[in-house]
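Asker: Residue numbers (UniProt numbering): 1 to 608. We put the beta carbon where it would ideally sit given N, CA and C, even for glycine. Note that the coordinates shown come from a computational prediction; the quantities given were computed from them, not determined experimentally.
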Amino acid sequence: MDVSSDENDDESRPRKKRALESNNCNTPASAPTPPPAPKWSNPDPYTVLPPPDETQSKRVDVVKLIRKARLAASAQPAKTDAVADNEDFISLGGLVDEEESKYQPPQDAPMGPRSQMQGRDSAIGSRKRTHDDELKGVSKKTGKPLNKYYSDGSIIDEWRVRPSETGAPWFNHMTPTLHLGTRLHNEILSFYHWVKPVQYEQIVRADLIERLQTAFQSRYYGVQLRAFGSFASGLYLPTADIDLVLLSSNFMRHGIKTFGERKGQIYAFSAFLRNLDIAVPGSIETIAHARVPILKFVDKMTGLRVDLSFDNDSGLVANNTFQQWKCEYPAMPVIVSVIKQFLLLRGLNEVPCGGLGGFSITCLVTSLLQHLPHGPTSQNLGSVLMDFFEFYGHDFDYETVGIRMDPPGYFNKRVYKVYRDNKDARLSIEDPNNADNDVSGGTREIALVFKSFRDAYRLLKSRMVSMAMAGDQQNSILESIIAANYDEYTEQRWQLRQVFQTHPRFAQYQAPPSPPPPPQSPPPADSAPPPPLPPNSPPPSQEPKEKLTKLQRKQQASRERAARLKRLRPDLTSVPDSITNEQALIVGGYKSQSDMDKDLATREKEMK
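1) Give me, in chain order, the residues of the same chain whose beta-carbon lies closer than 7 Å to that of Tyr200; leave out the 5 immediate sequence neighbours on both sides.
2) For Gly358, which residues in the same chain have their Cβ closer than 7 Å to its Cβ, ignoring the five residues on either side in sequence?
3) Could you check the C-alpha separation between Asp307 and Ala331 for me, to the nearest Å?
4) So, using beta-carbon positions, are Ser360 and Thr239 closer together than 8 Å?
5) On a CA-only basis, which of Leu448, Val338, Ala425, Val351 is nearest Trp170? Give me that one, please.
6) Check the C-beta distance from Trp159 over to Asn485 and give it rounded, since I have them as a contact under 8 Å.
7) Per DSSP, what are the beta-bridge partners of Glu285 in this structure?
8) At which residues does the alpha helix (DSSP H) containing Phe435 begin and terminate?
9) Going by the beta-carbon positions, is the gap between Met464 and Leu178 smaller than 8 Å?
10) Alpha carbon to alpha carbon, what distance is there between Tyr220 and Gly355?
11) Relative to the C-alpha of Ala435, which residue among Arg564, Leu548, Tyr416 is closest?
12) Near Asp395, which residues of its chain fall below 8 Å by C-beta distance, leaving aside the five closest residues on each side in sequence?
13) Is Ile335 near Cys363, with beta carbons less than 8 Å apart?
14) List the endpoints of the continuous alpha helix (DSSP H) containing Gln217.
15) Can you give the Cα-Cα distance for Gly588 and Met596, rounded to whole angstroms?
16) Can you name the start and end residues of the beta strand (DSSP E) that Asp307 belongs to?
17) Measure from the alpha carbon of Glu445 to the alpha carbon of each residue in Arg603, Thr502, Glu350, Thr602, then state which is nearest.
18) Return the bridge partner residues of Phe411 from the DSSP annotation.
19) Just curious, the alpha helix (DSSP H) that Phe269 is in, first and last residue?
20) Grouping DSSP H, G and I as helix and E and B as strand, with all else coil, what is Met607?
21) Could you name the residues of the same chain whose beta carbon sits closer than 6 Å to that of Phe506, not counting the 5 residues immediately before and after it, in chain order?
22) Relative to the alpha-carbon of Thr258, which residue among Ala69, Val298, Pro293, Asp241 has its alpha-carbon at the smallest distance?
23) If you draw a straight line from the alpha carbon of Tyr236 to that of Asp207, how long is it in whole angstroms?
24) On the CB-based measure, 16 or more other CB atoms within 10 Å of its CB, does Ala271 come out buried or exposed?
25) Look up Glu430 in the DSSP assignment and give the residues it is bridged to.
26) In the DSSP assignment, the beta strand (DSSP E) including Ala227 goes from what residue to what residue?
27) Does the region 240-256 come close enough to the region 212-227 that 3 or more CB-CB pairs lie under 8 Å?
28) In the DSSP assignment, the beta strand (DSSP E) including Val351 goes from what residue to what residue?
29) Give every residue of the same chain whose Cβ lies closer than 7 Å to the Cβ of Phe216, excluding the five residues on either side of it in the sequence, and list them in chain order.
30) Let me know the secondary structure DSSP gives Val60 once reduced to three states.
31) State whether the region 399-413 contacts the region 427-434, with contact taken as three or more CB pairs (one from each stretch) at a distance under 8 Å.
32) Pick helix, strand or coil for Ala240, following the three-state DSSP scheme.
33) Let me confirm a value: Gly347 is counted as buried when at least 16 other C-beta atoms fall within 10 Å, else exposed. Which label applies?
34) Am I right that Leu304 and Asp241 are in contact with their C-beta atoms under 8 Å? What's the rounded C-beta distance?
35) Tell me whether Thr80 sits in a helix, a strand or coil according to DSSP, three-state version.
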């Protein structure tokens, strides 16, 4: 029998039961139905009847119920909800965010308590407001990459310059020159000095590391907190985060990883950090299942973003390499700062978004400088920047050629065994500290990055040609590629300056220098002069005597013995500056120690 057919209820019942009911209906006087038994009772276990057989009751056809519900739902008229149907949705086709779906939380994710959202955090009480009079938050960066980029590589909306601004604040601090190559060189230097860290920025960031290290060392004995990345190299933008690594004593001594090997440890560090009251509440993000587990949070005092990793020294080794390149190629940090800002404005500076990371940018600039002629004279920065954009935008074929840093050179990606499986669509840079590692393997949007380099070369060249034709000496050259709304930098520096000037931790840097001591007043005229010093007594020493070692005391006694022997025995002409007791007996011609002591004591009395 097909249980899913649309038969009536009578036909769906058992055949035997239908026959019994038909016989009962034909009887003239049917017996009255007994009253229903109470739902709750205490039956007598000796007289109660056995429970009814469930097989004799009416069966429920589940498939039939589902089908009826589906038919009833389809018969209802469709609801028209313009908001739910997104009828007014406007698609931004040029805005690319391919990884957005990967970072969305599950629908059943727990929500935080409302009390935390309703309360006001003291860390944002003194924050500035945006151009639209909105209170700025402590940070916009979480584990989900917020940087979006346009498919044409143009500047993203949050950095677009407003019509009332010039977009080149560094240009006000330079003097114009006639030669365009020199003007571009000077403007690059002006931008570098404008964007590089100020002293109080370095002090506040270093204090954050010190606070974290003190907290971790109070809980975990022998650990060290080290900085790497842009902060350790001293080449970071004003809004850059701080990359830190927590090293266990076992890892520092033997190279064996202790922290970060188990997921529970990462969550334990997260709980410990939450109890320290250092991070902004709700800003701690635990990424324990990544290849390199990290903790991301925002510092409550300064609003700086921090990325904390565990027992991984690759960043520390890379920083040593950066310092070596910095000494060999002085132009490298200056060009890197321009390239970093150029990619940041276009949202192409984050590896999770497919962009080019900071160390990869450093490798590209250093590789170019390795192949450019360089001598004792400084290079023209404008020429180096134009060569960078032209080479990587037009000439370099990243699909077939990889970059090797040490020794400087290139390799064929299709032949070299380590990069044989690398996709042609990715840039390949051999790690100078680990030949098996590809530094830029995560940059999946390298085609867009190099296209933006090509556009930058075209824009810079066009700007310089137009300025030369018009004799323009008032406008900026770099604004054609990095003009932007730099309010974010101004606000970040203003915030760190407020912390530096008002927080008690930095009072030592704010205190004025102590005044010099007042001149000593002369003694009164009627005061008695001090008594004269006894003869042959050395002048009193003003400095406290240092505690001498055993060897130093022995050497001092030898010198004093020789000086005494010269003073009391002028007849001896061969007395050295330092003499032992045995040598003094031989030089003086004494038979014993007592004879020498008696003779020298007698001579000392005669001299007095």
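Answerer: According to the structure data:
1) Leu496, Arg497, Phe500
2) Gly229, Ser230, Lys340
3) 29 Å
4) no
5) Val338
6) 6 Å
7) Lys296
8) A small correction: the amino acid at residue 435 is Ala; Phe does not occupy that position in the sequence shown. Note, Ala435: premise wrong, no alpha helix (DSSP H); beta strand (DSSP E) at 434-438.
9) no
10) 36 Å
11) Just measuring C-alpha positions, the residue of Arg564, Leu548, Tyr416 sitting nearest Ala435 is Tyr416.
12) Excluding positions up to five away in sequence, the list is empty.
13) no
14) 199-219
15) 8 Å
16) Taken as a continuous stretch (DSSP letters only), the beta strand (DSSP E) holding Asp307 covers 305-310.
17) Minimum Cα distance to Glu445 is reached at Glu350.
18) DSSP output for Phe411 lists Gly402 as bridge partner(s).
19) Segment 263-275, the alpha helix (DSSP H) holding Phe269.
20) helix
21) Cβ neighbours of Phe506 within its own chain (closer than 6 Å, five residues either side excluded): Phe500.
22) Pro293
23) 17 Å
24) exposed
25) Asp438
26) 224-228
27) The region 212-227, when compared against the region 240-256, does touch it at the 8 Å Cβ threshold.
28) Per DSSP, Val351 belongs to no beta strand (DSSP E) and is neither H nor E.
29) Val223, Leu225, Leu246
30) coil
31) They touch, by the three-pair rule.
32) coil
33) Looking at its Cβ environment, which holds 16 or more other Cβ atoms inside 10 Å, Gly347 is buried.
34) 7 Å
35) A caution first: Thr80 carries a pLDDT of 49, below 50, which makes its placement in the model unreliable, though a value can still be read off. Three-state result, Thr80: coil.
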